[in-house]
Amino acid sequence: MAEYANRENKKIKWFTDWEKSDVPADLSSKTYAVTGTTSGTGLIFCRTVANRGATVYMLNRDSERAEKALELVKAGAKDPEKVFHISCDLQDFSSVKEAAAQLTKACPDGLDVLVNNAGVMCHPNSQTKDGYSSELQVNHLSHFLLTAEVWGLLEKKADETGDARVVNHTSGASKLVFMTAFFGFNRGVNPRYFEKDMKRVGGDGFVGRMQRYGQTKFANVVFSHALATKQSKVKSLVAHPGVCTTPLTNHHSDSQSPFMTRMFKKGFDKGEQSCEDGTMGILACACLATAGSGELHGPKSFNFDGLPAKSDIKNTAMGTWFSQKPEVSVEKLWEVSKKATGAIFPFE
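For what it's worth, the UniProt record's numbering labels the leading residue of the sequence shown as 1, then goes sequentially.
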């Protein structure tokens, strides 16, 4: 399983050369909206595209961290006046809708790429004001809603340029849903994790947290595959970062889960890569001209590290012969996500 770790100052191995050779030097005609950009892969993504002249909307909760991240991206931007903060609390559906409304007002000509990057890992079993698991709502439900709310912007840009994209961010933890140790023979999308009953979405122990997190990361995969198969106008891709040094596990404490703290917060010492290297997947999905709908980009075969490799979502990340069929996963996820968020996509 490839996943995030949390060590500082990991040496950059591939990113510097790769971004110079593969990411277009001029992105001044592109507009990106990115969630979760106060640190980690989201922040590095924004810095990279802003440095190339792109218009960037950073969707974060209002905070000092968000202000500092905005200043940092502006400082390295080719045009600082093209970098913006939009208030967006992914634990609040009303905030997500307001953020989408602000984006719609700010982008009358459409949106090139929506990057659903934000995520939390093995978060305590807490409930949002909307009634859902905070981890599920941040990692999937709010991104499902946000995507639906700005779909018109993406279609407008697709009509104009022929290339608009939605990029989701999964991880090797998506493979947990196929492991008997965690889910028995109930492999794939499990609707009970998308309900408001907190007693049915796992507890705060190691197994419960991993079950919950695995469901949210598999949802990222299935959502991407669903968008790629239900319509063809807007490209849908998904990335994974391998194991990289981000603050994703900062909320862990020894008192909550000692084993989880040792495994994640203290890092996969030999396997992890720098956060910059871990950002190559979403950059490939969002920026490479050759990237196509229905693709997964990241270290090959969900490896811990490596240059971003391209593969097919369905064949690489949707399971094996004994798992839930991809079309069943899609319809189950679509049904529970629509029920939870009330989202409506115009292509339905």
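Don't be surprised by glycine CBs; every beta carbon is placed ideally from N, CA and C.
All values derive from a computational prediction rather than experimental measurement.
If you drop the 5 nearest sequence neighbours on each side, which residues of the same chain put their C-beta closer than 7 angstroms to that of Asp-79? What you label residue 79 is simply residue 79 of the sequence shown in a count that begins at 1. For Asp-79, where only same-chain residues beyond five positions count, the Cβ hits under 7 angstroms are Gly-53.
Between the C-alpha atoms of Lys-196 and Gly-202, what's the straight-line distance to the nearest angstrom? For this step, residue 196 is matched to residue 196 along the sequence shown. For this step, residue 202 is matched to residue 202 along the sequence shown. Their Cα atoms are separated by approximately 12 angstroms.
Nearest to Phe-223 by CA position, among Glu-327, Gly-205, Ala-164 and Ala-158, is which residue? Mapped onto the sequence shown, residue 223 falls at position 223. Nearest option by C-alpha distance: Glu-327.
For Ile-344, count the other beta carbons within 10 Å of its own beta carbon; 16 or more makes it buried, fewer makes it exposed. Which is it? Within the sequence shown, numbered from 1, the residue matching residue 344 stands at position 344. The residue in question, Ile-344, is exposed, as its Cβ has fewer than 16 Cβ neighbours within 10 Å.
Could you check what DSSP says for Ser-253 in three-state terms: helix, strand or coil? Against the sequence shown, residue 253 aligns to sequence position 253. Per-residue confidence for Ser-253 stands at a pLDDT of 47, beneath the threshold of 50, marking its modelled position as unreliable; no derived number is given.
Pull up the distance between the alpha-carbon of Lys-314 and that of Gly-294, whole angstroms please. Sequence index remark: in the sequence shown, residue 314 carries index 314 (1-based). Sequence index remark: in the sequence shown, residue 294 carries index 294 (1-based). In a straight line, the C-alpha of Lys-314 is about 8 angstroms away from that of Gly-294.
So, Val-167 versus Ala-69, is the Cβ gap smaller than 8 angstroms? For the purposes of this step, residue 167 is taken as residue 167 along the sequence shown, with counting starting at 1. For the purposes of this step, residue 69 is taken as residue 69 along the sequence shown, with counting starting at 1. Against a cut-off of 8 angstroms, the Cβ pair of Ala-69 and Val-167 comes out as no contact.
Looking at the strands, I want to know which residues DSSP matches up with Thr-170. One-based indexing of the sequence shown puts residue 170 at position 170. According to DSSP, which records beta bridges pairwise, Thr-170 is partnered with nothing at all.
Among the residues of its own chain, which have a CB less than 7 angstroms from the CB of residue 358, if the five just before and after it don't count? With the chain represented from 1 up to 348, any question about residue 358 goes unanswered, as that position is not in the structure.
Grab me the residues of Val-83's own chain with a C-beta within less than 6 angstroms of its C-beta, minus the 5 sequence neighbours each way, in chain order. Your numbering for residue 83 matches position 83 in the sequence shown. So the qualifying residues of the chain are Ala-50, Val-56, Val-73, Lys-74 and Ala-77.
When DSSP builds the beta bridges, which residues end up paired with Gln-273? Locating residue 273 in the sequence shown gives position 273, counting from the first residue. Paired residues: Cys-244.
At least 3 beta-carbon pairs within less than 8 angstroms: the region 86 to 104 vs the region 132 to 149: yes
CB-CB under 7 angstroms to Thr-341, same chain, minus the five flanking residues each way: which ones, in chain order? Here the question's residue 341 lines up with position 341 in the sequence shown. Cβ within range, chain order: Phe-93, Leu-141, Phe-144 and Leu-145.
Cβ pair Lys-30, Val-113 closer than 8 angstroms: Your numbering for residue 30 matches position 30 in the sequence shown. Your numbering for residue 113 matches position 113 in the sequence shown. Cβ distance < 8 angstroms, so Lys-30 and Val-113 count as in contact.
Is Pro-115 helix, strand or coil when you go by DSSP? Counted from its first residue, the sequence shown places residue 115 at position 115. For the record, residue 115 in the displayed sequence is Val; it is not Pro. It is a strand residue.
Our contact map puts residue 350 next to Thr-48 with C-beta atoms below 8 angstroms; I'd like the distance itself, whole angstroms only. What is shown of the chain runs 1 to 348, which leaves residue 350 out entirely.
Thr-55 - partner residues in DSSP beta bridges: The residue labelled residue 55 in the question sits at position 55 within the sequence shown. According to DSSP, which records beta bridges pairwise, Thr-55 is partnered with Thr-31.
Name the two residues that bound the continuous beta strand (DSSP E) containing Lys-74. By 1-based counting over the sequence shown, the position of residue 74 is 74. Element bounds for Lys-74: not the beta strand (DSSP E) but the alpha helix (DSSP H), 64 to 76.
Buried or exposed: which applies to Glu-19, given that a residue is buried once 16 or more other Cβ atoms fall within 10 Å of its Cβ? Residue mapping note: residue 19 aligns to position 19 of the sequence shown, counting from 1. That one is buried.
Which residue wins for smallest C-alpha separation from Glu-64, given the options Ser-87, Cys-46 and Glu-348? Within the sequence shown, numbered from 1, the residue matching residue 64 stands at position 64. Among Ser-87, Cys-46 and Glu-348, the Cα nearest to that of Glu-64 is on Ser-87.
For Trp-321, three-class secondary structure by DSSP: Start at 1 with the first residue of the sequence shown, and residue 321 comes out as number 321. Legend: pLDDT at Trp-321 = 49, less than 50; position of this residue unreliable, no value from coordinates given.
Phe-304 and Gly-242 - do their beta-carbons sit closer together than 8 angstroms? The residue you call residue 242 lines up with position 242 of the sequence shown. The residue you call residue 304 lines up with position 304 of the sequence shown. It is a contact, given that the beta carbons lie within the stated cut-off.
If you compare alpha carbons, which of Leu-90, Gly-119, Gln-137 and Leu-43 is closest to His-169? Taking the first residue of the sequence shown as 1, we reach residue 169 at position 169. Minimum Cα distance to His-169 is reached at Gly-119.
Taking Leu-146 as part of the beta strand (DSSP E), name the residues at either end of that continuous run. By 1-based counting over the sequence shown, the position of residue 146 is 146. Per DSSP, Leu-146 belongs to no beta strand (DSSP E); it is in the alpha helix (DSSP H), 142 to 149.
Confirm, please, whether the CB-CB distance from Asp-277 to Phe-45 is below 8 angstroms. Start at 1 with the first residue of the sequence shown, and residue 45 comes out as number 45. Start at 1 with the first residue of the sequence shown, and residue 277 comes out as number 277. Not closer than 8 angstroms, so no.
Express the C-alpha separation of Asp-17 and residue 371 in angstroms, rounding to a whole number. The structure shown has nothing for residue 371, since the chain only spans 1 to 348.
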